[in-house]
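Top to bottom, those sequences are chains W and P.
If you're matching positions, the first sequence starts at 1 in this note's numbering and goes up one per residue.
If you're matching positions, the second sequence starts at 1001 in this note's numbering and goes up one per residue.
Yeah, the Cβ is synthetic: ideal placement off N, Cα and C, and Gly gets one too.
Have a look at the structure below, then the notes.
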Amino acid sequence: MSVNVHPRVDFAVIASLVEPGSRVLDVGCGDGELLELLQSTKDVDGRGVELSQKGVNESVARGLSVIQGDADSDLKYYPDGGFDYVILSQTLQATRNPKNVLTELLRIGEKAIVSFPNFGHWRVRASLAVNGRMPVTKDLPYSWYDTPNIHFCTINDFVDMTKEVGAVVESAVALNALGERLGFNMPWGFWNLFGQQAVFLLKR
Amino acid sequence: MEPGCREQLDFARTATIPTRDHALNCADMTKISRPTAKKAQQSQEATNPHSPVVDFGAGKPLHLDSGVSLSPFRIAYQSYGELNADKSNAILVCHALTGDQHVANVHPVTGKPGWWELLIGPGKPIDTDRYFVLCSNVLGGCLGSTGPASINPETGKAYALDLPIITIADMVRAQAMLIEHLGIKQLFAVIGGSMGGMQVLEWASSHSDKVFAAVAIATGARHSSQNIAFHEVGRQAVMADPDWKEGRYLEAGTVPRKGLSVARMAAHITYLSETALHNKFGRNLQDRQKLTFGFDADFQIESYLRHQGTTFVERFDPNSYLYMTRAMDYFDLAAEHGGRLADAFAGSKTRFCIVSFTSDWLFPTGESRTVAHALNAAGASVSFVEIESDRGHDSFLLDEPEMFSTITGFIRSAARARGLLPS
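Set out below in structure tokens:
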């Protein structure tokens, strides 16, 4: 279900937010790359859910506990507080009901880590302003009619939604197009313009 | 093998007392090719099998779900590879409805290779150079474990329908007694497909602490109404055969061939898929250029099914078929836990791998998904893979590379966690 292209610069940031030895559920885990990273560097008890059968089969062949499932419909089968962290990396924008998914993440996990591409990035804005067409960039390579990304948002939009679902932003990181962290003390508006993607650590 | 229990052991027919390495001997001994298998040989296997057996005497009754205590009873099994010093490398294979313990050796009746030799053997996904692989004939079966063709000690005749009804849980209880007898405290893994997968789920549910890892393939936590319906057709076919003799055919010297054969033909259709049938047979005619305007097997599919039916009769006991199908019909793991399947796995530390196939309409993916969701809800560790295949339910017995890579990855990761492989 993960739709971003490689290299996944958000993985290192996500890993830095996870406490060693914790229980982790990766929703939209793709081929299991992040889970494997977390298991080897953070010794987590990791589980995954992935929509694409290919991703599931590759993950399981790697020895990961991954099941085929859909973030929109299958999170309800997980118990409350079953995990320390529930991770949704580069998947939120591909869900049918992002707000509901975020609510479910915070029900299942003590904390949720969400990474997503920022549609407020200046390149996206410039692309739309100059070309007058839906932006197709190196990092968002799909045309409007075949994109799995049906619910793009900006960093500001996401911050608004966290308030709506009653989540607390414990920390947030914005990465520029080179995968470098933007200055921590900058206002949301700055991140929203220069952050190519963002990683949020949320708690209930 | 516990020395104190040896007197209970009887390597039937050869009267050899099994030793630590009997598994290899036994595998060798069963490599006897018998191309002219006959019904008589099959019934001999029921009472005097080409497998080591363990007899559980009066002191060790089996308490069945039906409320009856079965005693004495016998379990016949095959094993491959060597049990390690701390007995932590044992993998139990649970066989399907018409399978048996000859999982990775030449079958003593049919002379065919073991039914899961693609998966199990030296260097295979389940590597017998590394693991001690065990497969027992299920209780109620007809290849040496106590079943309807076994002699009832009270009458000196075959049990026939006097054998109490056997359930999946009863089969698993008997296997657990065998494992205990072999001194194995925890199985590294339990693996099986179809009815074997039901046993895997039952093991993980009722003997959770004895199962480190569980692989359930092409199965479900209950038998569906449609599946019960097909089984009922099969049973009625057996019982409608005049040669069935109310189950007493062994004494009458008859064999309800037609009934069992029809049962097998109907069941066999459910193991395949429409695509597989179409690709293999289409509407092709059998050894003829045109229709005969009669009821001979004009079509290849008819001829194929008839062949499946008649060969099955040579290796399977008709009453055993009744008991096996009934065991599957009665299986409903959620019902045993107040209707909540997740409760069947509450607190489970077992690592699960669930596998289904896209074209399996006997145990469709939805059945596996239900199990996976229940395991999620129970907080268990679960992998769930649906494999693209057009070969139907029987895919689990066939060369399915994606299934093998899944099982290889899962077993390797479990072995690392269990300390059987370096991490």
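- Using a CB distance cut-off of 9 Å, VAL56 (chain W) counts as an interface residue toward chain P.
- When DSSP reads this structure, ASP1129 (chain P) sits in no beta bridge, so it has no partner.
- Identification of chain W residues near ARG1351 (chain P) by a Cβ-Cβ cut-off of 9 Å yields SER65, ordered along the chain.
- The Cβ atoms of GLY1234 (chain P) and TRP1244 (chain P) do not sit closer than 9 Å to each other.
- Under the criterion of beta carbons closer than 8 Å, LEU1097 (chain P) and MET1195 (chain P) qualify as touching, at roughly 5 Å.
- The three-state reading of DSSP puts GLU19 (chain W) in coil, since its state is none of H, G, I, E or B.
- Residue pairing of GLN1078 (chain P) in beta bridges, as defined by DSSP: P:CYS1135.
- Exclusion of the five residues before and after ARG1264 (chain P) leaves GLN1308, GLY1309, PHE1312 as the residues of its chain whose Cβ lies within less than 7 Å of its Cβ.
- ILE150 (chain W) counts as exposed, since fewer than 16 other beta carbons sit within 10 angstroms of its beta carbon.
- Under a 10 Å Cβ-count criterion, PHE184 (chain W) is classified as exposed, with fewer than 16 other Cβ atoms of the shown protein chains found around its own Cβ.
- A residue is called buried when at least 16 other Cβ atoms come within 10 angstroms of its Cβ; TRP144 (chain W) does not meet this threshold and is exposed.
- Within the segment 74-108 of chain W, the residues whose Cβ lies closer than 8 Å to any Cβ of chain P are, in chain order, ASP74, TYR77, TYR78, PRO79, GLY82.
- Of the residues P:ILE1411, P:PHE1293, P:THR1350, the one whose Cα lies closest to the Cα of GLN1186 (chain P) is P:THR1350.
- Under the DSSP definition of a beta bridge, PHE200 (chain W) partners with W:VAL114, W:ALA172.
- Residue-level contact check: VAL1200 (chain P) does not touch chain W, since none of the beta carbons of chain W fall below 9 Å from its beta carbon.
- Taking 9 Å as the threshold, the shortest C-beta distance from HIS1373 (chain P) to chain W falls below it.
- Taking the Cβ atoms as the reference, GLY32 (chain W) lies roughly 6 Å from VAL66 (chain W), within the contact range of under 8 Å.
- A distance of 9 Å or more separates the beta carbons of ALA112 (chain W) and TYR77 (chain W).
- Per the Cβ contact rule, the segment 97-112 of chain W is not in contact with the segment 35-46 of chain W (fewer than 3 Cβ pairs under 8 Å).
- Within chain P, no C-beta atom comes nearer than 9 Å to that of VAL24 (chain W); the closest sits roughly 12 Å away.
- Distance from the CA atom of PHE1212 (chain P) to the CA atom of LEU25 (chain W), rounded to whole angstroms, is 21 Å.
- Note: ALA1189 (chain P) is bridge-paired with P:ILE1091, P:ALA1213 in the DSSP secondary-structure output.
- Here GLN1236 (chain P) is exposed, its C-beta having fewer than 16 other C-beta atoms within 10 Å.
- The closest CA to that of ASP1390 (chain P), considering only P:ALA1252, P:PHE1331, P:PHE1357, is found on P:PHE1357.
- Uninterrupted alpha helix (DSSP H) stretches at least 4 residues long and entirely within the segment 1274-1360 of chain P occur at 1274-1280, 1300-1315, 1318-1330, given in chain order.
- Residues of the segment 1111-1145 of chain P with a Cβ closer than 7 Å to any Cβ of chain W: none.
- Boundaries of the beta strand (DSSP E) around PHE1384 (chain P): 1381-1387.
- Bounds of the alpha helix (DSSP H) holding LEU106 (chain W) are 98-108.
- Using a Cβ-Cβ cut-off of 7 Å, ARG1412 (chain P) is close to GLY63 of chain W, given in chain order.
- Per the coordinates, the alpha-carbon of LEU102 (chain W) lies some 8 Å from the alpha-carbon of VAL165 (chain W).
- For ILE1387 (chain P), the closest Cβ of chain W is nearer than 9 Å.
- Relative to the Cα of ALA1160 (chain P), the nearest Cα in the group P:LEU1250, P:PHE1331, P:ASP1065 belongs to P:LEU1250.
- Neighbourhood of SER1359 (chain P) in chain W, by CB distance below 9 Å: empty, with the nearest CB roughly 14 Å away.
- At a cut-off of 9 Å, the C-beta of GLU1232 (chain P) has no neighbouring C-beta in chain W.
- Taking GLU1082 (chain P) as reference, the option from P:GLN1226, P:ILE1184, P:THR1146 with the minimal CA-CA separation is P:ILE1184.
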